[in-house]
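> Please find one structure pasted underneath; my questions will follow.
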Amino acid sequence: MKSSADKFFDVYKNKAYLIPKMSNQTVTDVKLLQGDWNSEGSFRLWHIAVAGKIEPVKEMMEKVDDTNRTIVYKLVEGDIMNAYKG
1 MKSSADKFFD VYKNKAYLIP KMSNQTVTDV KLLQGDWNSE GSFRLWHIAV
51 AGKIEPVKEM MEKVDDTNRT IVYKLVEGDI MNAYKG
């Protein structure tokens with residue numbers, strides 16, 4: 001995916017539902033489970049390709065800093081969590 005930092009930040013924060021169209025080999029789907037697409041405390045369910053398998057991953061958006069174009073999120077469910085120490 002080729003994009004400027006500003007454009008990617010805007011899409012990830014406000015229009016994450018477009019990411020499967022932009023990167024359908026890696027992200028096959030994303031759904032908003034709770035909150036708004038761009039709000040702290042919101043939950044999203046991603047379906048991502050990992051080693052040829054589609055894996056669901058649930059994330060919570062913890063903090064959004066528009067000035068520094070930073071989003072902090074936490075993975076809260078999904079087998080991919082077993083691959084990382086937290």
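Residue numbers for the sequence shown follow UniProt numbering, so the first one is 1 and each next one is one higher.
Note that the Cβ used here is the ideal one computed from N, Cα and C, for glycine as well.
None of these values were measured; they are calculated from a predicted model.
Quick check on lysine 7: does DSSP put it in helix, strand or coil?
helix
> Which term fits valine 50, buried or exposed, when burial requires 16 or more other beta carbons within 10 angstroms of its beta carbon?
Classification of valine 50: exposed, given that the 10 Å Cβ count is below 16.
> Between which two residues does the alpha helix (DSSP H) containing methionine 22 stretch?
19-22
> So is glutamate 62 buried or exposed if we call it buried at 16+ other beta carbons inside 10 Å?
exposed
> Roughly how many whole angstroms lie between the Cα atoms of lysine 58 and asparagine 68?
24 Å
> Going by Cα to Cα distance, which pick from Leu32, Lys7, Leu18 is closest to residue 120?
This structure leaves residue 120 out entirely; the chain is present only between 1 and 86.
> For alanine 83, count neighbouring C-beta atoms within 10 Å of its own C-beta (all shown protein chains included) and say buried if the count is 16 or more, exposed if not.
exposed
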